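Residue numbers (our numbering): 273 to 540.
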DNA sequence: TATCTTGTTAATCG
DNA sequence: ACGATTAACAAGAT
């Protein structure tokens with residue numbers, strides 16, 4: 273499940289590895305992940321030079337001389353840089369470059385490989401609606417975002433149009449560190465709690481970015497991220513002891529997603 | 001086999 | 001307009 277730390281890491285790796293290369297051929301095994309006809313996608317990008325790769329939220333933006341390639345890895349997958357004749361077993365879209373390498377994209381549920389013309393990035397609805405990266409929020413900015421809003425704090429964190437990059441993996445530890453229950457209403461948050469949340473967002477994401485993302489995703493060469501299961505405080509630790517107070521960690525349903533909480537540290 | 005799951009949009013209701 | 005909920009969609013693991 274690629275979230276901001278994994279996507280930031282992949283985009284950095286891609287920027288370093290792909291910048292200056294030219295796409296010579298695009299292959300598409302799964303046209304449904306595209307937003308334009310496969311033929312158009314292939315032809316418009318053939319011959320395109322990679323200028324830069326960057327990210328916002330869970331999206332990777334590849335800036336080429338012939339427009340933008342916009343990637344969303346959905347619930348998980350791999351972006352592998354391989355020799356063209358050594359493709360991995362599973363891939364859905366591939367880009368072959370002029371130096372004999374290829375980028376093989378795979379995802380197993382709901383990935384997107386979109387195209388936006390040069391200068392037309394603003395017309396791509398899914399990415400133009402993204403809020404600022406979660407890592408960009410200062411305490412003041414978060415307070416502004418919370419003021420006048422209603423609803424559950426978890427819903428705010430997961431709402432990509434308000435704050436981009438957090439998904440249902442990192443959110444557990446973020447809320448735990450802020451000592452907030454996922455369903456706590458925004459309108460009841462005191463300023464100290466908003467401050468704690470702002471700090472928790474940074475504390476929940478930055479260590480993983482520094483280590484190249486979480487262990488359950490891999491880098492361009494197939495190497496797992498350095499943020500391990502042991503680095504998680506309560507996420508996916510149902511039945512284990514809370515690292516702060518020892519209470520048994522619970523897995524609860526919060527609207528449509530699951531949440532892991534310490535019922536003592538994060539009272540409803 | 002049945003159930004679960006990390007994302008995102010669209011539709012709907014209050 | 002906003003918030004809450006649900007369904008749907010292209011798999012894979014257990």
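In this text, a Cβ means the ideal position worked out from N, Cα and C, and glycines have one as well.
If you're wondering where the values come from, they're calculated on a predicted model, not measured in any experiment.
- Message: Quick check on residue 337: buried or exposed, where buried means 16 or more other Cβ atoms within 10 Å of its Cβ?
- Response: It counts as exposed.
- Stretch pair the region 288-304 + the region 409-422: three plus CB contacts closer than 8 Å: no
- Query: For the candidate residues 325, 300 and 404, whose alpha-carbon lies nearest to that of residue 554?
  - Reply: Because the chain here runs from 273 to 540, residue 554 falls outside it and cannot be looked at.
- Task: Measuring alpha carbon to alpha carbon, tell me which of 284, 300, 323 and 277 ends up nearest residue 294.
- Result: It is 323 whose Cα lies nearest to the Cα of residue 294.
- Those runs of the beta strand (DSSP E) which lie wholly inside the region 290-345 and span at least 3 residues: 295-300, 322-328, 331-336 and 339-344
- Message: In the DSSP assignment, the beta strand (DSSP E) including residue 349 goes from what residue to what residue?
- Response: 349-355
- Own chain, CB closer than 8 Å to residue 380, minus 5 neighbours either side, in chain order: 346, 347, 348 and 349
- Using three-state DSSP, classify residue 377 as helix, strand or coil. When DSSP states are grouped into helix, strand and coil, residue 377 belongs to the strand group.
- Message: Can you tell me which residues form a DSSP beta bridge with residue 530?
- Response: 525
- Item | Cβ shell of residue 468 (< 8 Å), same chain only, five flanking positions each side left out | 449, 450, 451 and 452
- Grab the span of the beta strand (DSSP E) containing residue 499 for me, first residue to last. Neither: residue 499 is in no beta strand (DSSP E) and is coded neither H nor E.
- Whose C-beta lies closer than 8 Å to the C-beta of residue 330 among residues of the same chain, with five residues either side of it excluded? 274, 275, 276, 279, 344, 345, 432, 436, 437 and 439
- Query: Of all the alpha helix (DSSP H) runs that stay within the bounds of the region 383-470, which reach a length of 4 or more residues?
  - Reply: 397-400, 411-418, 425-430 and 442-449
- Item | Contacts around residue 509, its chain only, beta-carbon distance under 8 Å, and the 5 residues preceding and following it disregarded | Same-chain partners within the cutoff: 521 and 532.
- Under the three-state reduction of DSSP, which class applies to residue 516: helix, strand or coil? If DSSP states are grouped into helix, strand and coil, residue 516 belongs with coil.
- Message: With DSSP as the reference, identify every bridge partner of residue 366, one or two as the case may be.
- Response: 299 and 376
- If we call anything under 7 Å between Cβ atoms a contact, is residue 492 one with residue 353? yes
- Message: Out of 527, 391 and 458, which one is the CA nearest neighbour of residue 419?
- Response: Residue 458 is the option with its Cα nearest to residue 419.
- Query: Which of the three DSSP states, helix, strand or coil, is assigned to residue 486?
  - Reply: strand
- Taking residue 409 as the reference, which of 474, 465 and 502 has the closest Cα? 474
- Task: Grab me the residues of residue 401's own chain with a C-beta within less than 6 Å of its C-beta, minus the 5 sequence neighbours each way, in chain order.
- Result: 433
- Message: By the three-class DSSP mapping on this structure, what secondary structure does residue 509 have?
- Response: Residue 509 falls in the coil class under three-state DSSP.
- Please state if the CB of residue 365 and the CB of residue 296 are separated by a distance shorter than 7 Å. At least 7 Å separates the beta-carbon of residue 296 from that of residue 365.
- Take the Cβ of residue 517 as the centre, count every other Cβ of all protein chains shown within 10 Å, and call the residue buried at 16 or more, exposed below. exposed
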